[in-house]
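J.:
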Amino acid sequence: MNKKAVVIGGGFGGLSTAALLARDGWIVTLVEKNAQLGGRARYWKKDGFTFDMGPSWYLMPEVFEHYFTHFEKKREDYYDLSPIDPYYKVYFEGGETAELTPRFEENQKLFESFEKGGGKALKAYMEQSSYKYDVAMGDFLYREYKHIGQFFNRRLMTEGLRLGVLGKLDTFVSNYVKDYRAKQILEYAMVFLGTDPAQAPAIYSIMTHVDLNLGVFFPQKGMAGVAEGFASLCRELGVELITDAEVLKVLTEGNRAVGVETNKGTFKADVVVSSADYHHSDTNLLETKHRTYSDSYWEKRVVAPSMFIAYLGIGRELKGFEHHNLYFAKDWDKHFDAIFKNPGWPQNPCFYLSCISKTDS
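For the sequence shown, my numbering gives the first residue as -17, with consecutive numbering after it.
1. What separation, rounded to the nearest whole angstrom, lies between the Cα atoms of Gly295 and Ser64?
2. Hey, would you say Thr153 sits closer than 8 Å to Leu168, going by beta carbons?
3. Under a Cβ-count criterion, where at least 16 other Cβ atoms within 10 Å of its own Cβ denotes burial, should Thr244 be classed as buried or exposed?
4. Grab me the residues of Glu75's own chain with a C-beta within less than 6 Å of its C-beta, minus the 5 sequence neighbours each way, in chain order.
5. What does the Cβ neighbour count give for Trp327, buried or exposed, with the cut at 16 atoms within 10 Å?
6. Assign Gly20 to buried or exposed, taking buried as 16 or more other Cβ atoms, counted over all protein chains shown, within 10 Å of its Cβ.
7. Which same chain residues end up closer than 6 Å to Ala103 when comparing Cβ atoms and leaving out the 5 residues on each side of it in sequence?
8. By alpha-carbon positions, which one of Ser278, Lys165, Leu151 and Met35 ends up nearest to Pro183?
9. Under the three-state reduction of DSSP, which class applies to Glu243: helix, strand or coil?
10. Between which residues of its own chain and Val10 is the CB-CB distance below 6 Å, once the five residues before and five after are set aside?
11. Looking only at its chain, what residues have a beta carbon closer than 6 Å to the beta carbon of Phe249, apart from the 5 residues adjacent to it on each side?
12. For Gln166, count the other beta carbons within 10 Å of its own beta carbon; 16 or more makes it buried, fewer makes it exposed. Which is it?
13. So Ala206 and Tyr25 are supposed to be a Cβ contact under 8 Å. How far apart are they, rounded?
14. Beta-carbon within less than 8 Å of Lys27's beta-carbon, same chain only, minus the 5 sequence neighbours each way: which residues are those?
15. Any contact between the region 172 to 187 and the region 213 to 231? By contact I mean 3 or more CB pairs, one from each, below 8 Å.
16. Where does Ala292 sit, in a helix, a strand or coil, going by DSSP?
17. If distances are taken between C-alpha atoms only, which option among Ser95, His272, Asn195 and Gly204 comes closest to Leu233?
18. I need the boundaries of the alpha helix (DSSP H) containing Val208, first residue and last residue.
19. Three-state secondary structure (DSSP) at Phe53?
20. Specify the secondary structure class of Leu19 as computed by DSSP and reduced to three states.
21. Pairing CB atoms from the region 301 to 320 with CB atoms from the region 333 to 341, are three or more of them under 8 Å?
22. Ordered along the chain, which non-local residues of its own chain (more than five positions away) have a Cβ less than 7 Å from that of Asn195?
23. Which first and last residues belong to the alpha helix (DSSP H) in which Asp152 is found?
24. Between which residues of its own chain and Arg57 is the CB-CB distance below 6 Å, once the five residues before and five after are set aside?
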C-alpha cells in the first residue's frame, strides 16, 4: 500500500488505531505531546512514589482480549491481569461500610440487609442488566456508525423500551430498590461516565453487570502498564512513536487533511486520525472553514465535569482500605445538583479513593 497515516494522541484510542492501521499495511506515525505514551494513563514518579495518573478501573476484560485477537496475539503477551477481591468497599455517610465481592450470594445478603426483599430485587436487576449488556455487545458495540439511521436497527426498534433507551436510570433503579444505600451502589458508576444518575439513560444499568458479574481486575504495573503493552504492539507492527511532539495544526489541501505541523516539524500523510479530545481537535487544530461545529455550538454543550485529584504518597501501609474505595454522601442528589444544576463545589462531596498499593506495591 505504502500510504502514510498520522495519528494524533498516544492514549488507548490512538495506540489501538495506529496498530490497526499498521496491520492493514499503512506506514504509521503517531505523535504524542507528552513525554510518555498512554495519554491520561501514564506514570508520575516523585520522591520514591509511583502514581498511576489516569483511569484506575479495569472493567470488561473481554473487550481487551478481543482487541488482541485482531493481531493473532493474546493479552497476556503484553501485560498480566489479576482479579480484585473485594471488588470495592463503600463508605456511607455516618460510618457504615459495605463490600461488594465476586460472590453473588454475599452481595444478595448485603442488599437484603438494606431492605426486605433486597436480595431478590438485586437478582432481578442483574438479570435485566445482563440482558442489556449482551444486546449492546452483540448488536451495537462492534458496528460502524456513519449516520444516526444505522443506530436504529431492528433490535432497537422492537425492544427499545426494554433496553431503557428513553427512561432515566434513577427512576429505573427505584422500580427495584428503595433503600438509598442500594440505589447508590447501583448508580455510582454514572460518576465515571460524567453524568447525573437522574439524567443518565436507563440503558446504563448495564454497568452493574459489568462490575458485579464480569468482575473488577487490576493490570500489574497499573493502567499505564496496559498502555505500555499497547505501545509494544505498535512497535512490533512498525509504528513510529514520537513523544514530546505537540500538534499545532492539521495541514489541509482543499477539503483533505494532508499532515500535521508539530513543535518537532511537519509530518505529511495521506490520512490524519485525531485521537485528541474532539473539542480541541475541532477548534484548535483545524482552520475555521474545516471545522465540524461552530464556536456557538460548542458553547451550548453540556460537558462532563473534570475532577479534583490528589496524588498522596504515604510512607506506611494503609490497612483499613481496599483497592477501590467509594465514599457516598447520604443526600447525593444535593451533591449532583451542585455539579450539574448549580455548578459549584459540593459542601459534602462524594469521592473515590484508589489504593493501588493494596495490590501492587
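Every residue, glycine too, gets a C-beta built ideally from N, C-alpha and C.
T.: Taking the geometry as given:
1. Along the sequence shown, read from residue 1 onward, the residue named residue 295 stands at position 313. Along the sequence shown, read from residue 1 onward, the residue named residue 64 stands at position 82. Rounded to whole angstroms, the gap between the alpha carbons of Gly295 and Ser64 is 23 Å.
2. Position 171 of the sequence shown, counted from the start, is the residue given in the question as residue 153. Position 186 of the sequence shown, counted from the start, is the residue given in the question as residue 168. Result no, Cβ atoms of Thr153 and Leu168 do not sit closer than 8 Å.
3. The residue you call residue 244 lines up with position 262 of the sequence shown. Thr244 should be labelled buried.
4. Within the sequence shown, residue 75 is the residue found at index 93, counting from 1. For Glu75, where only same-chain residues beyond five positions count, the Cβ hits under 6 Å are Ala311 and Lys312.
5. Position 345 of the sequence shown holds residue 327. So Trp327 counts as exposed.
6. Taking the first residue of the sequence shown as position 1, residue 20 is located at position 38. The residue in question, Gly20, is buried, as its Cβ has 16 or more Cβ neighbours within 10 Å.
7. By 1-based counting over the sequence shown, the position of residue 103 is 121. Excluding sequence neighbours, Ala103 sits near Tyr158 and Val159.
8. Working through the sequence shown from its first residue, we reach residue 183 at position 201. Of Ser278, Lys165, Leu151 and Met35, the residue nearest in Cα terms is Leu151.
9. Mapped onto the sequence shown, residue 243 falls at position 261. In the three-state DSSP reduction, Glu243 falls in the strand class (E or B).
10. Here residue 10 refers to the residue found at position 28 of the sequence shown. Around Val10: Ala(-13), Ala0, Leu3, Ala4 and Val221.
11. Taking the first residue of the sequence shown as 1, we reach residue 249 at position 267. Contacts found: Val(-12), Thr11, Gly241 and Val242.
12. Position 184 of the sequence shown, counted from the start, is the residue given in the question as residue 166. Gln166 should be labelled buried.
13. Here residue 206 corresponds to residue number 224 of the sequence shown, with the count starting at 1. Here residue 25 corresponds to residue number 43 of the sequence shown, with the count starting at 1. Contact between Ala206 and Tyr25 holds: their C-beta atoms lie close to 5 Å from each other, under 8 Å.
14. Taking the sequence shown and counting its residues from 1, one reaches residue 27 at position 45. Answer for Lys27: Phe33, listed in chain order.
15. The region 172 to 187 vs the region 213 to 231: no contact.
16. Here residue 292 corresponds to residue number 310 of the sequence shown, with the count starting at 1. Here Ala292 sits in coil by DSSP.
17. Residue 233 sits at position 251 when you count from the first residue of the sequence shown. The candidate whose alpha carbon is nearest that of Leu233 is His272.
18. The sequence position of residue 208 within the sequence shown is 226, counting from 1. That run of the alpha helix (DSSP H) goes Gly204 to Glu218.
19. Here residue 53 corresponds to residue number 71 of the sequence shown, with the count starting at 1. In the three-state DSSP reduction, Phe53 falls in the coil class, being neither helix nor strand.
20. As a first step, residue 19 must be located in the sequence shown, where it is residue number 37. In this structure, Leu19 counts as coil in the three-state DSSP scheme.
21. Contact holds: three or more Cβ-Cβ distances are below 8 Å.
22. Within the sequence shown, numbered from 1, the residue matching residue 195 stands at position 213. These residues qualify, in order along the chain: Met108 and Ser112.
23. Here residue 152 is taken as the residue at index 170 of the sequence shown, counted from 1. Counting along the chain, the alpha helix (DSSP H) containing Asp152 begins and ends at Leu151 to Ser156.
24. To locate residue 57, count along the sequence shown from 1; it is residue 75. Answer for Arg57: Phe46, Glu47 and Phe50, listed in chain order.
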